[in-house]
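Protein chains in written order, with our numbering: chain A, -11 to 565; chain B, 2 to 695.
Idealized CB from N, CA, C, for every residue including glycine.
A quick write-up on the structure given underneath.
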C-alpha cells in the first residue's frame, strides 16, 4: 500500500527525485573523499615534513567541502520540493475524492476519520518522504561508498566491517524492538489519563453533586500510576540507547587501531590509511544507525498509507449522470415510487417501499421514532444517497438523470444538525445564493424569526460566525440554517427536524411566516412534535423504514394506531397523566 | 449523519458553559515535531524555571548522584581521544623507528638526518619518542588500548546509570505534578471553571503536563552532558595545544551566527507553516463535516477552489520552512570541515616542526568534532526548555488559583431527613459589578414540588446551584431543616441532594457503572430496582450487551432521551432527601419522552424537589411555583392562584404555552381552567399573530 501510494504520487516528481539522488551521490562522494585527502596529508605531508603538500591538499579539501555543501543544499531544495509537493498533491487527491462521495460513504467512514486521514495521515507519509529525500537516500550511498573506500584503503581490515555493522544493528534493533510497543502503550495511557481528566472537568458538577471526588481521585491515581510505570519503561530503554551506541562506536575504533597497527607493522598499511579507515568505519556506522532509526518510521507511515488508500479506493455510490437533463417542464413536484435504501451487506433495509407525491404548494410531514429512517428518506431527494430500489423523481425527472447543477438550484435543505460555516452571518446566508442582496437576507431572517437577534448584534449581518456555528446558541443556529435555505429560494424545501431547538411559540410563528413564502414550493418536514406538523396536507408515519400511515392529521387519528399513540404520548406529556 | 457537533441550547440562567476548543488532532506532530516549533515564551522564565526545578528537590540525593555520575562519565569519555592519540603516537613511533638503522640512539638518528640535509625530518624526530630499528611496541600499545577500552566501558556504564536514575526522578516528579493538579481540580471553586473555557483548562492539565514531562526528560540529561562535554573538550583542547584550541574556537562564533541567522528565518517560516496547516485543517473539517450541505447547495467547485488555494499556500510555506531549516546541517558540516582543514594544516605544520606529536593532532581533530555537536544540541535544548517552562508556568498558574473556602470548624452533623429548605434574604452575584440575586427569600416544605419558571437569564440555575453550594452566597442564609448550609461540610450537604441536569453528560463506562455512580455501595439488586423504577430497564434489555453496554464518547449507542433516563436512574439510586431537577427543553423521541416524564415523577414522589420547569404539566402540578425575573422571585403560588392574579405568570403562560398550539393548549386548559383566555380551535396563523401581540 505504502509503495503503491508513493509510486502513484511521486510520479510527477521523477525529475526532482533524480536530482536528489544525483546530488546526494555527489555529496556523499565528497564527504567520503575528505578522509582520504586527510590520509594523504598525514602520509605524504606530515610524515615526510612536506609543508607545501599540506597547504595544497588543504586547499583542495576546502574546495571539495565547498562542493559538498552546495550539493547538500541543492539536495535539500529538491527534497523539500518533492516531499511537500507530494503532500500537497495527496491532500488534494483525498479532498477531491471525498468531494465525490455521497453521504453514504461519508457516513460509513465518519467525518472525523476522513479529516484525520486528510491531515495527520498525509503529514506522516509526507514526513517519511522528506526524511527519505534528505537523509535516507544518502544512507545506503554512504554505506556502500564507505565500504568501497574502506576496502580501497585496506582490504585486510574489511572483516571488521562485517563484525561491527551487525553488532550495531543488533544492539539498536534490540532496544528499538522493545521501545516501539512501549511507545504505543505510552500513547494509549496518555490518552487514558487525559480522558479521565476530560471527564472530570466536563462532568465537574456531576462529580461534586454526587460527592465522588475521592472516587475520581482514585480513578485518576490508578491511571497515573499505570502511565508512570510505562513511562519508566520507555525512559529506561531510552537511557540505554546512547550509552550502547557510544560503546559500539568506541569499541569499534579501538579494534580498528589494534588490528590496523599490526598491518602497519607488517608494512601493509600506512598510518594515514589507518586513520582514513577509521573515519570510514565511523561514517558507515553513523549511516547504518540513521537507517535503523528511520526504519522505525516506516511501519507507522505504512499504517497511514493504508488508511489513505482506503479513502482513495472507495468509489461513490452516487454517480453523476452521463447525459444530464438540464431542462424540465414541471415545477416543484416530488415523486417517490417504491423507493428503498439498504447498506450493502445489511440484512434489513433502512427504507423500503416508500411512495408518495408532493405537489407545488403542498406540505408533507414525516413523523416517526428515532431510527425509523426519516433523515435517510430526506437524503434520497438531493441524492445524498441513491435509492437502491425504486425511483425518486424531481419535477418528473429521475434524480439520477438530473443535472447536479440544476438540482442544486431546486432544493433547499435544513439539516438536523444546523451546521454553519466559519465566516459571517451574511456569508452563511449567501451560501446557497451568492447574488442575494442584503434585503433578501433580511427578508429570510424575518421569516426564520431570526431578525431580532441578528439586529441586536452590534455587527448585524457582518457578525462573525465560528466554525460549526459554535458561537451562537442552538436555537439561533437552527434559525440561521432555515434562513440560509430561504435565501436560496428553492422549489423544494427539506426540513429535517429543524424546529426542535425552538420553543413552541417561535415554532408556530415561524411556520406561519413560512406559509405565504412557500405557496409555490413543495415542502417536506421531518418533525417530532405533533403540533409542528398538524397542519400538513399529508403526514407520513414512518416506522422501521416503512410508511405505516399516510393522510391528514384527522385521517390518521382515525386510521393509524401508531399515530394515535404518538399523539397521545405528546398530549400526555402536556397533561401529565 | 454528521455526529461531530452535538449542539445543546445553553443552560438557562447559568454562567456560560465553555466548550472544548482547538482543532482535533492538535499540533501537527510527527517525529520532527519539536523541530522549529515556535517556542512559546514564559512570562516569568527564571521564576517558573526555578519553581519547576524546585519540584525535583525531594530527590536531592538522586540529583546529586546524577550530577556526579555525569561528571565522571563525561570526564572518562573526554579523556578517551587523548589516550587514543597516544596509541597513534606509538604506531607512528614504530613506523619511523623501523625506518632507522637498529642500534643507534635517537640523537644519532637526528644528527644523521641533519647531516643528510633533511632538517624537517630531524625536527620531526626531535618531537618523537623513537627507538631506532624497533617497530611498534605492541606491549605498550595493547596496554593503552585496554585502558581506553576500559574507560569507554566505564563511561557508558556511568552514563547508563545516570540516565536510569534521572528517568526515575523525572517520572516521579511528573507523577506528583499530575496528582497535585488532580487534587487542585477538586478543590477549585466552580467559579474558576466558569471563567475559563473547558478547552483551556483541559489543555493545561493534559497538553501542558505532557509537554513538561517530555521537555524535562529530554533536556535534563542532554543539557547536563552537553554542557559538561563542552567544558571537558575545551579543557582537553587547551591542554593539547592552546594555539590549535584558539584556531578551533574561531569557528564557534561563526557557527553561532550562521545558526542564529538561519534559525531566525526558519522560525518565521515555521510559524507560517503551522498557521497555514491550521487554516487548511479547518477548511477540511468544515468541508467534511458540512459535506451534505456542500452537496445540496452545489458548492463543490467553490470548496475545491478555496481548498486548492490554501493547499498551495501551505505548500509554499512548508517548502520554505523545510528548505531553510534543512540548510543548517550542511552549513554546520561545512564549518566543521573548515575547522578540520585548518587544524590539519596547522597541526601538520606543528608536527613537522616537531612541536607536536601526530597523535595529539589526531586527538585534537576528534575533540573539535565533538565540540560543535553538543553546542548545537544546547541551542536546540534551549528551545525545548523554553516551551517546557512556558507550560510549567501555565500549570503553576492553575495550582496557584484560590481554592474553595475552608470547611467550617464546627461542622453540623445533624441528619437531614425531612428536606425543608429556606432562603433568608439571600444575595449573590457572579460578578460584583452586576448583582444577580438580591434579597431572595423562600420556603419549601418537606415533600413539596417547587417549580421554578422564568425567562432565560432570570437566575433559575443559579438558585439551585446555591442550594448545592456550588457557589458561596454573598449575603443571607440558606438552611436545610433549620441548619445553615454554610455550617455543613460541602460533601455532607451534597450527599443529601440528588441532581439531574439538563446536560446529560455521562462518564465513559458500562450502563451498570453509570447507574452505580449514584451510590457506590449499591448492590446489583439495588441497581436493577432503580433501573426498573426509571424505565431504564426496558431499553437496556434491547441492547445486545444489556447492562454491560459500554457508553462510548459520543453516546451514539443510546439516544438522548435514554441518556436522560440514565441520569435519572443515577439520582434515584442515590436516594437523596432533596432533589434538584433541570428539565430538558429539546424534544426527544416521543415515546421516550413519556418515560422521562414518568421517571421524573417517580423520582419526585415524597421528596422535596426543585424543578427548573419547561413543561406545562410539571408547572401545573407543582405545589409551589416560583416565577423568577432578573434574579428576583416576582411571584409565587400555585398555578390557579397565579393565573387568577393575572401578573407575570399569567403573561408568561400566555406567551410561552398558549400561542404555541392553540388546539392543544385549549384542550388542556378548558379542562381545568375555565378562565383561560384563548378560544378553541383558532387556526395556527391567527394564533401566532395573537402570540406576538401579547
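Q: Taking only the alpha-carbon atoms, compute the straight-line gap between residue 128 of chain A and residue 200 of chain B and give it to the nearest angstrom.
A: 46 Å
Q | Among B:611, B:248, B:520, nearest to residue 572 of chain B - alpha-carbon criterion | A | B:520
Q) Comparing alpha-carbon positions, which option in A:17, A:172, A:82 lies nearest residue 138 of chain A? A) Distance from the Cα of residue 138 of chain A is smallest, within the candidate group A:17, A:172, A:82, for A:17.
Q. For residue 121 of chain B, which three-state DSSP category applies?
A. helix
(Q) If I measure Cβ to Cβ from residue 522 of chain A and keep anything under 7 Å in the same chain, skipping five residues before and after, which residues do I get? (A) So the list reads 541, once near-sequence residues are dropped.
Q.
Give me the residue from A:467, A:281, A:82 with the minimum Cα distance to residue 123 of chain A.
A. A:281
Q: Sort out for me which residues DSSP pairs residue 379 of chain A with in a bridge.
A: A:325
Q: Could you have a look at residue 276 of chain B and say whether DSSP puts it in helix, strand or coil?
A: helix
Q | For residue 213 of chain A, the nearest candidate out of B:206, B:239, B:174 (CA to CA) | A | B:174
Q: Identify whether residue -11 of chain A lies in helix, strand or coil by the three-state DSSP scheme.
A: coil
Q. Between B:491, B:632, B:651, which lies nearest to residue 641 of chain B when the distance is taken from Cα to Cα?
A. The closest CA to that of residue 641 of chain B, considering only B:491, B:632, B:651, is found on B:651.
Q. Would you call the region 542 to 554 of chain B and the region 491 to 504 of chain B touching, i.e. three or more CB-CB distances under 8 Å?
A. As far as the Cβ criterion goes, the region 542 to 554 of chain B does not touch the region 491 to 504 of chain B, which means the pair count is below three.
Q) What in chain A is Cβ-close to residue 407 of chain B, meaning under 9 Å? A) Against chain A, the beta carbon of residue 407 of chain B has no neighbour under 9 Å; the closest one sits roughly 15 Å away.
Q) Count the other CB atoms within 10 Å of the CB of residue 102 of chain B; is the residue buried (16 or more) or exposed (fewer)? A) The residue is exposed, with fewer than 16 neighbouring Cβ atoms inside 10 Å.
Q.
I'd like to confirm the pairing. Which residues does DSSP put opposite residue 582 of chain B in its beta bridges?
A. B:501, B:612
Q) Measuring CB to CB, does residue 584 of chain B end up less than 8 Å from residue 612 of chain B? A) yes
Q. When you compare only the Cα positions, how much space is there between residue 576 of chain B and residue 99 of chain A?
A. 41 Å
Q | Reference residue 623 of chain B, options B:68, B:643, B:312, B:574, closest by Cα | A | Ranking B:68, B:643, B:312, B:574 by Cα distance to residue 623 of chain B puts B:643 first.
(Q) Bridge partners for residue 629 of chain B per DSSP, in chain order? (A) B:634
Q. Taking C-alpha atoms, which residue in B:365, B:333, B:394, B:347 lies nearest to residue 376 of chain B?
A. B:333
Q | Cβ distance (whole Å) where residue 423 of chain A is taken to contact residue 441 of chain A below 8 Å | A | So it is not a contact: roughly 25 Å between Cβ atoms.
Q | Of the residues B:161, B:127, B:97, B:272, the one placed nearest residue 224 of chain A, counting alpha carbons only | A | B:161
Q.
In chain order, what are the residue ranges of uninterrupted alpha helix (DSSP H) at least 4 long that sit wholly in the region 202 to 245 of chain B?
A. 210 to 241
Q.
Looking at residue 149 of chain A: is its Cβ nearer than 8 Å to the Cβ of residue 247 of chain A?
A. For residue 149 of chain A and residue 247 of chain A, no; Cβs fall outside 8 Å.
Q: Return the CA-CA distance between residue 552 of chain A and residue 488 of chain A, expressed in angstroms with no decimal places.
A: 21 Å
Q | When B:189, B:296, B:228, B:348 are compared against residue 246 of chain B, the one with the closest alpha-carbon | A | B:348
Q. Beta carbon of residue 1 of chain B, beta carbon of residue 252 of chain B: below 8 Å?
A. The structure shown does not extend to residue 1 of chain B, since chain B is modelled only from 2 to 695, so the question has no answer here.
Q.
Per DSSP, what are the beta-bridge partners of residue 452 of chain A in this structure?
A. Paired residue(s): A:412.
Q: Determine whether the Cβ of residue 290 of chain B lies closer than 8 Å to any Cβ atom of chain A.
A: Cβ-Cβ to chain A under 8 Å: yes for residue 290 of chain B.
Q) Which runs of the alpha helix (DSSP H), 4 residues or longer, sit entirely within the region 352 to 397 of chain B? A) none
Q.
Assuming the contact rule is C-beta atoms closer than 8 Å, residue 189 of chain A and residue 399 of chain B should be a hit. Round their C-beta distance to whole Å, please.
A. So it is not a contact: roughly 11 Å between Cβ atoms.
Q: Could you tell me if residue 47 of chain B is buried or exposed, where buried requires 16 or more neighbouring beta carbons within 10 angstroms of its beta carbon?
A: exposed
(Q) Since residue 131 of chain B and residue 94 of chain B should fall inside the 8 Å C-beta cutoff, what is the C-beta to C-beta distance between them, to a whole number of angstroms? (A) 5 Å
Q) Would you say the beta carbon of residue 450 of chain B comes nearer than 7 Å to a heavy atom of the ligand NAP? A) The ligand NAP is not part of this structure, which contains no ligands at all.
Q) Which residues of chain A have a Cβ atom closer than 8 Å to the Cβ of residue 438 of chain B, listed in chain order? A) By Cβ distance, chain A contributes nothing, its closest Cβ being about 19 Å from residue 438 of chain B, past 8 Å.
Q: Could you tell me if residue 333 of chain A is buried or exposed, where buried requires 16 or more neighbouring beta carbons within 10 angstroms of its beta carbon?
A: exposed
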